[in-house]
Structure formats: C-alpha cells, structure tokens
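Protein sequences, first through last, are from chains A and B. Residue 1 is where the first sequence starts when you use our numbering, and the numbers rise one by one after that. Residue 1001 is where the second sequence starts when you use our numbering, and the numbers rise one by one after that. By construction, the Cβ of each residue, glycine as well, lies at the ideal position given by its N, Cα and C atoms. Inspection log for the structure reproduced underneath, given as structure tokens.
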Amino acid sequence: MNSTNQNGPLLEVRNLSKHFGAVRALNDFSMAVRPGEVVALAGDNGAGKTTLIKAISGVFQPTGGEILLRGQPVTFATPQEAREKGIETIYQDLALADNLSIGANIFLGREPMRKAFGFLPVLDRKAMATAAKETMRRLDFHVSRLEAPVSNFSGGQRQAVAIGRAVYWDAQILIMDEPTAALGVPEQRKVISLIHQLKAQGRGVIFISHNLQDIFAVSDRIVVLRRGIQAGERKISETNHDEVVKLMVGG
Amino acid sequence: MTSTSPAQPAEKHVAPQADHGDPARSLIARIAEGRAWLFLAGLLICFEVWSRFAFGATFVLNPFNLQSIAIFAVAPLLLATGQTFVIISGGIDLSLGFIMGLAAVIAAHATNMAGAAIPLPLAMLAGILASVIVAGVPGVINGLLISRLKVPPFIGTLGMFGVARGAAFLLAGGTTVPVQNSWFALLGNGKIYGVPYLVLIAAIFVVVMHYLLSQTRFGQHNYAIGANVQAARRAGIDIRGHILRLYVLSAMCAGLGGALYAARFTAGAAQAGEPLLLDSVAAVVIGGASLFGGSGTIFGTVAGALVIAVIQYGLVFVNVEPFWQFIAVGVVIIISVLIDQAQRRFSGARQDE
C-alpha cells in the first residue's frame, strides 16, 4: 500500500460517463471510497447503479471521466484486470460453482497444484481446504465439512464464500450488488455483520441495495443516483429514510 | 416512514454449523452416487442365479464371460469417457459415433499404406496415431462452432454427425476396409495373462482420463463450467479455449475407439460406432452424471458402460431374444435418472427455501 496516500481515498471516480448511443446511462458522476468505509449506492431501477459498478469493475469502458486507485489513474480492459488491482465484485446471483467445495470456489481459475509421487501435478485439495477454513474463520463463519459442495450450504453461507474469495485474494475494494436480496432475515443480518468486518479490516465497500434498512445498518455514506446523475450524497448519520427516498425519486 | 431498529439480535437464529451433517442424507447421497455399481452387482447376481437355474453353470466365475463382457465394453467406454467430460460441462457430443467410424476407416487405410513402407509394428502405431489425429479435426470444428459461433452443442455436433458419417463412407468407398497387418490383428485379439490387450489399453486410458478429470485444472474447470458458466467466466477461466479443447478431447477418445475397433475386427467400417453413440450417453447417465451438467465421474461411467455390456452379453448368454437388450438398457436409464432426481430433490430441498 502506498504510505503517502494512507488517508486519501482508496477509490475515486471523477466525472465518469457512460453513453450507449444516445442513452446517457451515467453522466458526469463522481464519488470516492476511503479505507474502512462502506458507501451505499442507492437509486431506482435504471438509475445507473449497475452501469457504474460495471464501469468500475472493468466490464464496460467508460465514455468519459477517470477512475483513480489510491490516487493513480487506472483503466481496466477486462474484469480480470480490475480484480488484479484489488477490485472484486460480488454479484447478487452468487458467482459460485455450486458443485464445488468452498476451497475450490475460492481458488476457481487459480487452483494450487502439488506434485504427487514427486512428478505428477495434481490439484492441492488440502491447501484449498486449509485456506477455505482459514478464510471462513476470518469472516467468523465456522464450517465443518470443507469437502462438501457449496450447494449444501445456506444462502448466507454461500454469500460468505463469495466474500471469502475476495478476502482471500486480498481485494481492497469490494463491490457488492444486492448481497442480501436473496436471503432470509437472519441471513441478511449475518451478511451485514460480515460487511462490518470488512470495514474493520480497512477495506472499502461499495454496497448496492434496495433495502434502506440494510443501507442504514451498514453504511457510512450514501450516494444516490437518479437517471445517470449523482442526485445527492449524505452521511448516514445526517440523513433519514425520507430524505433518501426523496433523493431517489426526485421529490 | 418509521425506521424499526435494524441490526441487533437475530444472530442467534443462525444455526452455526447448519444441518449438513445428516448421516441419513449423506448415506442416500452416497447410494445414489454409487448406483451404477449397485446396478452392476444386481445384474451380475441376477444372471448368476438365472444361469445356475437354467443351465446349472456359473455366469460370473466363467473367465470367458468376463473377458467377453470386458471386450464388449471397450468401445462404448472409450466414447463414454469423452462423453463424460462433455456432459459434465453441460454439453453433449452426438458426433462421436461417426467420428469413431471415420477413425476406424482412417486407421485401416493408414496402417495398410504405412505397412507398405515401414515395418509392421511401426505401421500399426502410425495407423493408430493417424486415426486419433484425424479424429481431432471434427473435434476442432465442433469446438469452434460451439465456443466461437455459439452454436448449441446438440445442433453443432448433430451437424458433425452427418459430416463425419458421409466422410467416413466416402473414405471407405462404401464398404469395409480390411487391414493387412498381423501386429494390428494381434493387438485387437491377443491377451496377456488372460487379459485382452484391448481391455488393458482401455483400463490405462480410463485411469489417465480419471486423472485428467479429477486432479487437474482442466477437470476442475470442466465441473465449474457445467455448474455455472457465468461464475467460471467471472473467475477468469478461458471458457472458449476450454470448450475447444473439450470437444477435441472427446473426438480423440472416439478416434482411439475407432482404432481399437479396426484392430479387433481387422477392418475399418464407417458404421463402426453407429450403435455406440447412444450407449455412450446411456453409460454416462447410468454412471451418475446429470445431463444438466456439473456432475459425473469417470469411474461412474465405467460402471455405466459395464452395466450396458452385462445386459447385452448376459441376455444373449441366457438365450433371451436380443431385442430385450434395448428394453433392459432403456429401463435402466430411466430408473437411473429417477434415482438422480429423487436424490436431488432430497438434498436440494434447502436450496430453494
């Protein structure tokens, strides 16, 4: 980590625009995320939240504006490049292979190998299981059956696996798209407490949700998008549900 | 709007280590996973009892029977190992049967041609090599169609089914091509310690393929792609490259199957693999793979191929009209899929809560 930038934003988005032909999905949008900060992104359907996170995570190339990581301008041609720079996106539809174990999911695409009998390269399942156990413990999830496919686990536990993968690969910015949407209430609570832990570890979190209660439970700031523009930015401690709703619908 | 205090308790409601240690459930899952071996054991017992009552002779302990069943299973098994990879990835390869036929014809031609110039054992190896490599060509086309042009595997490989069929018959001149090579004939019909060479080759091949599927990144990515191609793509796996390699692999399995067919019958025939395509799919499904992708094992497929071979050979052995084979194999396929679904419903109940 760059020590001269310790207190500056981890991620900054300046005047970002994304146009699809005549449609201005995102227009001149700016925001910042500091270490240990959870920034909620709110907005109605079609407000541009998804376009924004796709631009940040390298899925789309922005039409204009810039993205700065610890003060350095960056461009991402692919999501892999964004991931290598420490920006991990956790999708609401759980980007896990349900038939694989927690460890195999954490290492999916970058599996550790070992040599059997001194020459035959084989998957190092033991290393994967150990790392899985370690990572899940860091997230305060204690799972016993490390070889079981993740389909055996509950929605909240699987969300934790997706977050665990990001944590294992040391993502500094986690973009979470509706992480609680598919979950029951107790599981939502668990994910919220996970986000608190990510925050305590000094990571930056961009949290997208329709659920204002969740937003108020976990975020430090809220940025509201409306029709592709930034409709307002508030500290959570200085706003309330009504004001946020007004910002979202443009009252 | 009133804001009810969020956060806070509820934490207690989260069962810490959930309920996935249920021994009854894991037992059922294990039985369902190993069902092909149970089928196999059941069939062998049936035929043993039948044979003792009808002829007063043993079925299972007769080494000739075991050899025949094993040889019977070789060609479908070779197709089925390739098919296992494809089905786990969520695809299907319908062209394997005629790729095998094409390879058998190529093996015959190439062995004969090489035999005119180089020593017979080398000519045999050249023939096998040529058939496996040529079989890779339709595999490359399948792979490109499916990975680059997004043709559904069912349609792409159905097209290749026709192309390979026509090409094989054209190359064979519409007839079977005899092989003039004593080494090749020995390979197809010889034995070592009572084990036919063909069975030995298939066994080694199966172990290598098991390694590839269960111990390498290629195998791991194959499972991931079959379960959730989006997740695999987001994890940075090169889906296109994987799919291409996958269909080349399955075609080359069929290529080896064709070469071994030519060795066994000392002739290459375009229709060599025609009846084996559906057997290969059946072996994979009986072996416990799901046609929706994401599950299956090579050893399951071995059991599936043996189940089919035992049914086919056993019914002939006990003098039942051969048409009953089709019915028996069909019934086993259906039962196998029903068990799979029941097991899924049982263990998947928590997912869609």
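Considering only Arg1345(B), Leu1079(B), Asp1238(B), Cys1046(B), the residue with the shortest C-alpha distance to Arg1148(B) is Asp1238(B). In the three-state reduction of the DSSP assignment, His19(A) falls in the strand class. Comparing alpha-carbon positions, the option among Gln201(A), Ala200(A), Gly202(A), Arg221(A) lying closest to Ile208(A) turns out to be Arg221(A). According to the DSSP assignment, Lys235(A) belongs to the beta strand (DSSP E) that extends over 229-235. Pro112(A): not part of any beta strand (DSSP E); DSSP gives it neither H nor E. In this chain, Ile1155(B) is not harboured by any beta strand (DSSP E); it is covered by the alpha helix (DSSP H) spanning 1153-1172. Rounded to the nearest whole angstrom, the CA to CA distance from Pro1063(B) to Gly184(A) is 60 Å. Within a 10 Å sphere around the beta-carbon of Asp242(A) sit fewer than 16 other beta-carbons, which makes this residue exposed.
Within the DSSP secondary-structure output, Val1177(B) pairs in a beta bridge with Gly1268(B). Within the region 12-29 of chain A, no residue has a Cβ lying closer than 9 Å to any Cβ of chain B.
Contacts between Thr1216(B) and chain A, judged by CB atoms closer than 8 Å, involve Pro121, Val122, Leu123 in chain order. Runs of the alpha helix (DSSP H) lying entirely within the region 1078-1138 of chain B, each at least 4 residues long, are 1096-1115 in chain order. Closer than 9 Å at the C-beta level to chain B, one finds these residues of the region 88-121 of chain A: Thr89, Tyr91, Asp93, Leu94, Ala95, Leu96, Ala97, Asp98, Asn99, Leu100, Ala104, Asn105, Phe107, Leu108, Gly109, Arg110, Glu111, Met113, Ala116, Leu120, Pro121.
Note: Val1049(B) is not bridge-paired with any residue in the DSSP secondary-structure output. Around the beta-carbon of Glu1321(B), fewer than 16 other beta-carbon atoms lie within 10 Å, marking it exposed.
Under the three-state reduction of DSSP, Phe117(A) is assigned to coil, being neither helix nor strand. At a cut-off of 8 Å between C-beta atoms, Gln80(A) counts as an interface residue with respect to chain B.
Take the alpha-carbon of Val1195(B) and the one of Ile1204(B): they are about 13 Å apart. Contact with chain A is absent for Asn1222(B), since none of that chain's Cβ atoms lies less than 8 Å from the residue's Cβ.
A straight-line Cα-Cα distance of about 54 Å links Ala1110(B) and Tyr168(A).
Take the alpha-carbon of Gly1091(B) and the one of Arg1052(B): they are about 43 Å apart. Our two residues, His1221(B) and Val1329(B), have alpha carbons roughly 31 Å apart in a direct line.
In the three-state scheme derived from DSSP, where H, G and I count as helix and E and B as strand, Leu1061(B) is classed as coil. Taking the Cα of Lys49(A) as reference, the smallest distance to any Cα among Ile175(A), Glu147(A), Glu134(A) is reached at Ile175(A). Here Gln197(A) is near Leu139(A), since their CB atoms are less than 8 Å apart. Ser1182(B) sits exposed, since fewer than 16 C-beta atoms from the chains shown fall within 10 Å of its C-beta.
At a cut-off of 8 Å between C-beta atoms, Arg1234(B) counts as an interface residue with respect to chain A. Using a C-beta cut-off of 8 Å, the region 1129-1137 of chain B makes no contact with the region 1277-1288 of chain B, since fewer than three inter-stretch Cβ pairs fall below that distance. Cβ-Cβ separation between Gly1226(B) and Ile1088(B): approximately 5 Å, consistent with a contact (criterion under 8 Å). For Gly1314(B), the closest alpha carbon among the candidates Gly1273(B), Ile1031(B), Ile1069(B), Arg1030(B) is that of Ile1069(B).
A straight line joining the alpha-carbon of Ile215(A) with that of Gly86(A) spans about 23 Å.
Measuring C-alpha to C-alpha distances from Asp98(A) to each of Ser1095(B), Asn1228(B), Ala1269(B) identifies Asn1228(B) as the nearest. Within chain A, no C-beta atom comes nearer than 7 Å to that of Ile1069(B); the closest sits roughly 31 Å away. C-alpha of Arg1035(B) to C-alpha of Gln1215(B): approximately 23 Å in a straight line. Looking at the backbone, the Cα of Leu1122(B) and that of Ser1095(B) are separated by about 29 Å.
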